[in-house]
Each structure stands twice: as C-alpha cells, then as structure tokens.
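In full-length UniProt numbering, the protein residues as written are 1 to 359.
We treat Cβ as the ideally placed atom computed from N, Cα and C, and that holds for glycine.
Everything numeric in this text was worked out from a predicted model, so none of it was measured.
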Ligand SMILES: [Zn+2]
C-alpha cells in the first residue's frame with residue numbers, strides 16, 4: 001500500500017476538504033468544529049486546524065507529497081496519512097483508512113483502463129499530475145458536432161461550455177462526465193439515430209452530479225441550482241440561464257448529496273421529468289437531501305399540467321429539454337416542497353410503496 005501511495009498523486013487540499021466534511025457529520029465535531037478546515041498552503045506543507053486539540057487558527061501541517069506525514073505545532077500530535085483519515089472518520093484502524101484513500105483518491109478504476117503516466121508523476125510537474133487521464137479523449141470529440149444536438153435547442157455557446165462533441169465511429173453525441181474536482185470519470189454517449197446510450201460497464205457515478213464542476217467554475221459563487229435527471233436537461237437549464245446539474249438517473253445518492261453540500265449549494269430546485277417516475281424521484285430526493293443536509297428544497301411545477309397534480313394522463317411537456325424546445329422555460333413555477341406535496345393526488349399516484357412518514 002505504501003508503494004502504491006508513492007506512485008499516485010494525492011490531492012491533499014481536496015482530501016482535507018473532504019475530511020472536514022466527514023468530520024462535520026460526527027458528534028465529536030461540536031467540541032472542535034474547525035478541525036481539518038481553513039487549510040492553506042505553505043509550499044511543502046498544507047496547514048489546517050488540528051483535529052486533536054480545538055483551535056480556530058491552523059497549527060497542524062501535512063506534507064503535500066509522499067509520505068504525507070502530519071504534525072501539530074500546537075499540541076504536538078503527529079502521525080501518518082492513515083491515522084489522520086481514521087481520526088476524521090472515526091475509523092478503528094489504519095486498514096479501513098487505507099481502503100478509504102484507495103477508493104476515493106487513487107482512482108484505481110481509471111488506472112485500470114489506461115496506464116497512469118508515471119513519468120509525469122516523477123517529473124514533479126503538479127499540473128501534469130493533476131490532469132485527468134482522459135482530456136485527450138474529450139478533445140478528440142469536441143472538435144466535431146452533429147446536427148442532432150443542435151436540433152435539441154442548444155446554442156454553440158452551451159455545447160462548448162459543456163464540452164459536448166460527436167463520436168463519428170459510434171454515431172453518438174458525447175458528454176464528458178466530470179467529477180466535482182474536474183476529473184473525467186467517463187464520456188456518456190447518446191446515439192443520434194436510435195434510442196439509448198453507449199455505456200461502459202462498471203463505472204461508479206454515485207458521487208457525480210453532472211454539471212456541478214461547471215457551476216463551481218462560475219466567476220461568482222452559486223448557491224442555488226436546479227437538479228435534473230439527465231445531462232440534456234441540465235444543458236436546457238443552462239440555455240435558459242438557470243444553473244443546473246443532473247443526477248444521471250432517478251436516484252439521488254448520498255455521495256451526490258455530499259458533493260452538493262461541499263460545493264456550497266444552499267437551495268435546490270428539483271426539476272425532474274414530468275411523469276410518475278419523476279414525481280417519485282422528487283420525493284426520494286427530498287428525503288435524502290433533508291436527512292443529510294440543511295439545503296432548502298423547492299420543486300419546479302410544469303406549466304399546463306404537472307404529473308400527479310393535474311390528473312395523471314400524459315403531459316404536454318415531458319422534461320426541461322422539451323420546455324426549452326417549445327419556448328416554455330420561462331413558464332415554470334417554483335414552490336416549496338411542502339406545497340408540492342400537499343397538491344399531489346396520492347391516490348392517483350399509487351405510490352404507497354413509498355415511505356410517507358415525513359408528511
Ligand atoms: Zn493539535
């Protein structure tokens with residue numbers, strides 16, 4: 001494991017950021033709320049608030065390169081990377097901490113698909129080391145465009161912003177899916193002349209909110225965003241000047257909630273599809289968001305008929321992209337989740353398998 005650590009680049013500021021979040025979820029954090037936070041660079045070290053003694057000004061330092069040792073100039077505590085992770089997460093042993101690092105930071109699944117460029121790591125060039133393994137793959141597609149995607153109502157500006165391209169060989173539109181940190185986890189490919197996607201198997205995307213990376217690149221911090229099911233809906237929102245992200249499916253995962261919290265999102269407007277599954281996704285997302293965060297939650301009501309509210313027949317507008325195409329994006333309404341819930345016709349919904357305890 002140690003040799004593995006030395007061969008990979010570990011982004012220490014990102015790690016501290018994550019540890020600070022993990023710490024904030026634990027009871028212990030109320031006695032030392034700033035632990036792992038306020039991190040700043042001093043060159044070879046990164047200073048942060050000590051988890052062992054309560055403080056408000058960072059006096060703990062960790063090496064930003066292997067072997068990532070840390071020590072506190074305030075209380076004298078010190079240790080290795082794994083003891084730091086174990087402290088943050090309340091883990092019993094180093095083995096679990098190793099597992100956490102490997103799973104979340106060493107990107108082993110990515111490495112399997114393409115050998116890591118060890119030379120650039122040994123060069124010590126930080127920019128090279130940080131660069132995703134797939135930037136070249138994205139560029140290969142972004143130089144091409146297919147009219148299919150333009151017919152969906154997207155301007156060149158939006159397509160450029162989201163790095164949308166075209167894969168001629170597979171006749172598919174390409175959407176790079178980046179993590180919050182900008183790494184390209186995979187490229188989603190949507191066929192242009194048949195339904196469906198070309199999927200790579202075994203890709204973990206539970207921790208990715210599509211589009212969140214681009215939101216974090218905005219010149220001014222964005223704290224309110226729309227949440228969709230698919231990448232084209234997110235693009236549709238952007239086209240209508242609404243910051244948005246997609247959960248890439250209908251289930252919001254707790255890892256995705258964490259990413260939203262870490263990105264500083266305070267208000268989420270749920271903007272799922274205008275069908276039964278979309279309503280179920282809305283309720284599911286509300287439960288997870290309200291259990292795990294203090295994020296305020298609104299729901300988008302579709303104009304001219306909302307599934308579950310105005311009867312259950314097929315609706316005029318099926319999703320955000322559809323609204324954009326029909327010039328109706330400005331007619332959506334936002335209501336607090338409780339209003340949405342009180343308007344729902346639960347009998348018509350037939351979603352008694354859902355957990356309604358929170359009503
Ligand atoms: Zn200390």
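Item: heavy atom of ligand 1 below 8 Å from residue 29 C-beta; Value: no
Item: Residue 53: CB within 8 Å of a non-hydrogen atom of ligand 1; Value: yes
Item: Residue 190 - partner residues in DSSP beta bridges; Value: 173 and 197
Item: Residue 77 beta carbon near ligand 1 (any heavy atom closer than 8 Å); Value: yes
Item: Sub-9 Å separation of residue 302 and residue 325 beta-carbons; Value: no
Item: For residue 246, three-class secondary structure by DSSP; Value: strand
Item: Rounded straight-line distance, which links the Cα of residue 294 to that of residue 88; Value: 21 Å
Item: Beta-ladder partner(s) of residue 48, from DSSP; Value: 60
Item: According to DSSP, residues forming a beta bridge with residue 13; Value: Beta-bridge pairing links residue 13 to no other residue.
Item: heavy atom of ligand 1 below 8 Å from residue 39 C-beta; Value: no
Item: Residue 159 versus residue 181 - alpha carbon distance; Value: 20 Å
Item: CB-CB length for residue 246 against residue 230, believed under 8 Å; Value: 5 Å
Item: Cut-off 6 Å between Cβ atoms - residues of its own chain near residue 174, not counting five sequence neighbours on either side; Value: 141, 165, 167, 187 and 189
Item: Residue 52 versus residue 75: straight-line alpha-carbon distance, rounded; Value: 8 Å
Item: Unbroken beta strand (DSSP E) run spanning residue 369, endpoints; Value: Outside the shown range of the chain (1 to 359) lies residue 369, about which nothing can therefore be said.
Item: Proximity test, residue 74 beta-carbon vs ligand 1 heavy atom, cut-off 8 Å; Value: yes
Item: CA-to-CA distance, residue 37 to residue 70, given in whole angstroms; Value: 15 Å
Item: For residue 228 and residue 45, the rounded distance between their alpha carbons; Value: 40 Å
Item: Contact check, residue 172 vs residue 154, beta carbons under 9 Å; Value: no
Item: Alpha helix (DSSP H) segments (min. 4 residues) lying fully within the region 258-315; Value: 276-292
Item: Proximity below 9 Å, CB of residue 54 to CB of residue 80; Value: no
Item: Rounded distance between the beta-carbons of residue 238 and residue 161, thought under 8 Å; Value: 7 Å
Item: Residue 49 versus residue 34 - alpha carbon distance; Value: 6 Å
Item: For residue 80, the residue or residues it bridges with in DSSP; Value: In DSSP, residue 80 forms no bridge with anything.
Item: Where residue 231 falls: helix, strand or coil (DSSP); Value: helix
Item: Proximity test, residue 50 beta-carbon vs ligand 1 heavy atom, cut-off 8 Å; Value: yes
Item: Near ligand 1: residue 59 beta-carbon under 8 Å from a heavy atom; Value: yes
Item: Whole-angstrom distance between residue 17 and residue 331, CA atom to CA atom; Value: 39 Å
Item: CA-to-CA distance, residue 283 to residue 29, given in whole angstroms; Value: 30 Å
Item: C-alpha distance - residue 183 paired with residue 15, whole-angstrom precision; Value: 15 Å
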